[in-house]
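Position 164, counted from 1, in the sequence shown is what numbering that gives the first Met the number 0 calls 163; the numbers after and before it change by one each time, with no gaps. Reviewing the structure listed below.
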Amino acid sequence: MQFTENGPDIPEHLLDEHEKGNVVFFCGAGISRSAKLPDFACLAQQLVNQFSDANDPLPQSEIDKERFDSAIHLLEKNQRFGRKKVRDILPDILKPKLNCPDATATHNSLLKLSKTREQPKKKSRMRLVTTNFDRLFETVMNDDSSMLSKTFQAPLLPVPKEGWDGLVYLHGLLMQEPTEDDLDSLVLSSGDFGRAYLTERWAARFVSELFRRYIICFVGYSLNDPVIRYMTDALAADSLLGEPTREMFAFADHKIDEREQTADKWNAKNVTPILYYADPKHTLLHETLKEWAKIYDEKEQGKVNIVKKYVHYDPINNTPESYFVGLMLWVLRDPSGKPSECFAQSNPAHSLAWLKPMAENRRFKESLTNVTDTRVQERTANEMQKPLISWLTSHFNDPRLLEWLANDGSELREKFSWFFRRHLYKLIDGETNDSRDEGGFNPFMRELWERLIERSIRREGRSRSFQIWCNEFRLDGLTKFSLQELRKLLNPRILLRDFDKLARGQVPEDEGVLIYWEVALAGGNTDSLMELNNEEQWISALPTLLPEFTDSLRNAFNLIQKTESANQESGLVYIRQTSINEHSRDDNIHDWMTLIDPIRNAWLALERQSTYKATAEAISWWTEPCPLFQRLALFAAAQGDAIPASIALDWLLEEEGKWLWASESEPEVLELLRVLPKRLNPDEFKRLEEAIIAGPANHDSEFEE
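As structure tokens, then:
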């Protein structure tokens, strides 16, 4: 997550832990460059230049090898200079230029970021560590009393546990008027580092305990800084002894085309780099810390201000260089709920375009769907979630919300179905007080929302598999469990298709096709079941399964009727299903239409087992509102004597011969007319003959032709 354009991308995990008070900033010389103070490499070089000895090239050789602490150690061992002379010039070298722009701005930012939040029964504490000797933190605290803090100087260090409160100068502090002992106590040379981390180990003990309890974020260090080397070596030693440590981060600059190499080197030290491209002034680092500290210091209001600033921006056209989307998602996750409340209260409601980045951000989705008490549904939404749920419900007429909840938002849909259901009923009853709902509720969308809440919607490509069920059936036969699983697979759902067209604005004006959909089975089409047709175990099970197949077809048709208010005599059944008998089928046939094959085969199996039951089943089909059931009944009437000839004739001639002449039932009628006349008595035969001669009652041109 970025606080500035093109700035370092800070892991959201680190931001979250910082909000909880679990992050300690570990500051190096790089933070003082704005005050024209040298980093450790420059300090070592200045000392070598000051005390150069033509007869002793080793210090410069160590500088060239980036062993800066070792170079200083060699200078202090030189009998011409000695430790005292080398240290006596430190106050002059480390004298900051406070008149430089932003000389102490980063120190100010780090002090703000290092104060933990004040909580009930838990006061705010300062937790900050620096290896710098300079007094820039002291300058900031003296200028701003709100920044005042206890300070600890090496080797008298605190125990970094819960009670720790103060700024730690891990390698010592340069006093305003330093004595020889003050200068001698500074950790500067390799000998000092060895004493602090290896022999006396007071620094190592502090660091080990610190890294066990807190997440560390290094600021102002280079990859080859001795501090990084000693720290990582000490932690590696602890790790070998089985000591637990927490994750380490570091703001790490890189040159053009060296981003990956820089990341690899930091990762090799078990430090997660927060990379940024460094100009000579490290502007991106300083601006990032400044903006982060500003938002943190202003607490919830700082995050509310971010919402107000960026909420009207277009999140879809976001680029890697445009940081505001990640920043928005981060502030909206604030547990106080104030930023999300600011976001949700806008009228008109803010664009649903924000839903896409919200859905793609893992931590945001976790925050939005995380609940603590699923037993009391009305209380499951926390302060952050409630306003965002309200914002979502203000977009109930937008099919993009429906599609997302049906697909990626299934977890949110399940956990907050109570809120969606309540808002839906308020819209239906006209009881909502939200002025954003005054435009009315699209009746088609209302029907789809009811289906969604009832879990009757699925997305294309997401279905349970009939093939898996068939494999299990071959092994175990028809068991109570397999029957339950088959019912789940046969359950009709609304299938959403081609949603990208909606996202691109290619939505037909007719509200009846506002969203592309069709009815499908939870398990997809039933073709896999047909592979069992020649297996004795399947043939024996078919009569038992006939009610399951017919219920599924009936429920599918009912779902279509409810969703589109379809005409019960829709020609769709003819266009998609050319014949009830075995035939070459369109590969694009709807899932639910493939039920015809198992229903037909199951009825034939039942007819062989019990003519009485088969007759009763076929007669019950004729009373169904779905035309496919009438066609199934006509098919059954043509199969032997299961259906009395008089009943079959009545079917053909009812409603002035409607089914005799209906184009959609033509295959079944022609087959029935081939066998039925032989079974009719003279009076019945005459009735049929007269009906055929009279022709269709409505005399449509199609029938006349």
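Note that CB positions come from ideal geometry on N, CA and C, so glycine has one too.
| Query | Result |
| --- | --- |
| Every unbroken alpha helix (DSSP H) within the stretch 143–218, with a cutoff of 4 residues, ordered by chain | 179–183, 189–193 and 201–212 |
| Pro-90 - containing alpha helix (DSSP H), residue span | 89–92 |
| Proximal residues to Asn-554 (C-beta, below 8 Å), its chain only, five neighbours per side dropped | Asn-490 and Pro-491 |
| Cβ-Cβ separation, Cys-26 to Val-139 (assumed contact under 8 Å), whole Å | That belief does not hold up - the Cβ atoms of Val-139 and Cys-26 are roughly 12 Å apart, past 8 Å. |
| Arg-607 versus Ile-691: straight-line alpha-carbon distance, rounded | 33 Å |
| Nonlocal neighbours in the same chain, by C-beta distance under 7 Å from Glu-508, ignoring five residues either side | Any reading at Glu-508 must be qualified, since the residue scores a pLDDT of 40, below 50, and its modelled position is unreliable; the value itself is stated next. Closer than 7 Å at Cβ, skipping near neighbours: no residue. |
| Closest residue to Leu-423 among Asn-600, Leu-447 and Thr-287 (Cα-Cα distance) | Leu-447 |
| For Ala-641 and Leu-687, the rounded distance between their alpha carbons | 20 Å |
| Ser-339 and Pro-386 closer than 9 Å at C-beta | yes |
| Residue span of the alpha helix (DSSP H) that contains Pro-225, given as start and end | 225–239 |
| Tyr-275 in three-state terms, based on DSSP | strand |
| Rounded distance between the beta-carbons of Ile-598 and Phe-716, thought under 8 Å | A question about residue 716 goes unanswered here, because the residues of the chain that appear run from 0 up to 704. |
| Local Cβ density within 10 Å of Cys-341, reported as buried at 16 or more and exposed below that | buried |
| Meets three-Cβ-pair contact criterion under 8 Å: the stretch 664–681 and the stretch 634–651 | yes |
| Per-residue burial, Arg-374 [other beta carbons within 10 Å of its own, 16 or more giving buried] | Its pLDDT being 41, under 50, Arg-374 is placed unreliably in this model, and the value from its coordinates should be taken loosely. Its Cβ having fewer than 16 others within 10 Å, Arg-374 is exposed. |
| Residue range of the beta strand (DSSP E) that includes Met-0 | From DSSP, Met-0 is part of no beta strand (DSSP E); its letter is neither H nor E. |
| Anticipated Cβ contact below 8 Å, Lys-149 with Asp-164, distance rounded | 6 Å |
| Beta-bridge pairing of Lys-121 - partner residues as DSSP gives them | Gln-118 |
| Residue environment, Asn-98, which counts as buried when at least 16 other CB atoms sit within 10 Å | exposed |
| Simplified DSSP state of Phe-397, which is helix, strand or coil | Position check: residue 397 holds Asp in this sequence, whereas Phe was assumed. If DSSP states are grouped into helix, strand and coil, Asp-397 belongs with coil. |
| Beta-carbon contacts of Asn-223 that lie in its chain and below 6 Å, excluding the five residues immediately before and after | Glu-65 |
| For Pro-491: DSSP bridge partner residues | Leu-520 |
| Extent of the continuous alpha helix (DSSP H) run through Arg-630 | 626–636 |
| Residue burial classification, Glu-653 (beta-carbon count within 10 angstroms, cutoff 16) | exposed |
| Cβ neighbours of Glu-290 in the same chain (closer than 7 Å, five flanking residues each side left out) | Phe-2 and Thr-3 |
| One or two residues paired with Met-327 in a DSSP bridge | According to DSSP, Met-327 bridges with nothing at all. |
| Lys-308 beta carbon near the ligand ZN (any heavy atom closer than 8 Å) | The ligand ZN is not among the ligands present in this structure, which contains no ligands whatsoever. |
| Inter-stretch contact at 8 Å, needing at least 3 Cβ pairs: the stretch 208–216 / the stretch 147–162 | yes |
| Collapsed DSSP secondary structure at His-17 in the structure displayed | helix |
| Exposure of Asn-600, with buried meaning 16 or more beta-carbon neighbours within 10 Å | buried |
| Asp-101 versus Glu-137, Ile-30, Ile-92 and Gly-171, residue with shortest Cα-Cα distance | Ile-30 |
| Inter-residue Cα distance where the pair is Lys-685 and Val-668 | 18 Å |
| Alpha helix (DSSP H) segment containing Arg-686, residue limits | 681–693 |
| Terminal residues of the beta strand (DSSP E) in which Ala-251 lies | 247–253 |
| Which residues DSSP lists as bridging Phe-24, in chain order | Leu-127 and Cys-216 |
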